[in-house]
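Following: one structure in structure tokens, then a few remarks.
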């Protein structure tokens, strides 16, 4: 019932692509790496209001997460989402230069026979 079309909200996300070496203005390697993400994608999925007991049973009791996203198996297969993906939930896609200012990251992914539940954790303030 949670994955009815009327219960879905727009979700924007970025998938991890690679890491690049950070360089200063003179082209010297700084010793840091910069994470590179794909372009923003849009999917429609059910976003939980907050953490609840039905989601806790899916992931166990040791995981700490703030919301969960419910997708069908078919929807999930098309996304490429993994544990390195980041989300913009209730927020526009914003970049600081080339760095995405996302507000949620994947904590865990649980697959059932027909659905996939993605536990996400809020980052920043």
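In my numbering, the protein residues as written are 193 to 317.
All C-beta atoms in this analysis are idealised placements derived from N, C-alpha and C, irrespective of residue type, glycine included.
Residue i - DSSP class collapsed to helix/strand/coil
i           : result
residue 246 : Model confidence at residue 246 stands at a pLDDT of 44, short of 50, so the residue's coordinates are unreliable; what they give is reported in the following sentence. In the structure shown, residue 246 sits in a helix (DSSP, three-state: H, G or I).
residue 266 : helix
residue 284 : coil
residue 224 : strand
residue 230 : coil
Alpha carbon of residue i to alpha carbon of residue j, nearest angstrom
i           : j           : result
residue 267 : residue 255 : 24 Å
residue 283 : residue 276 : 19 Å
residue 259 : residue 295 : 12 Å
Given residue i as reference, the closest of the options once Cα atoms are compared
i           : options            : result
residue 209 : 284, 296, 300, 272 : 272
residue 226 : 290, 298, 300      : 290
residue 308 : 280, 315, 216, 262 : 262
residue 326 : 297, 198, 288      : Outside the modelled stretch of the chain, which goes from 193 to 317, sits residue 326, for which no answer is possible.
Span of the beta strand (DSSP E) around residue i
i           : result
residue 213 : 208–215
residue 303 : 296–303
residue 234 : 233–239
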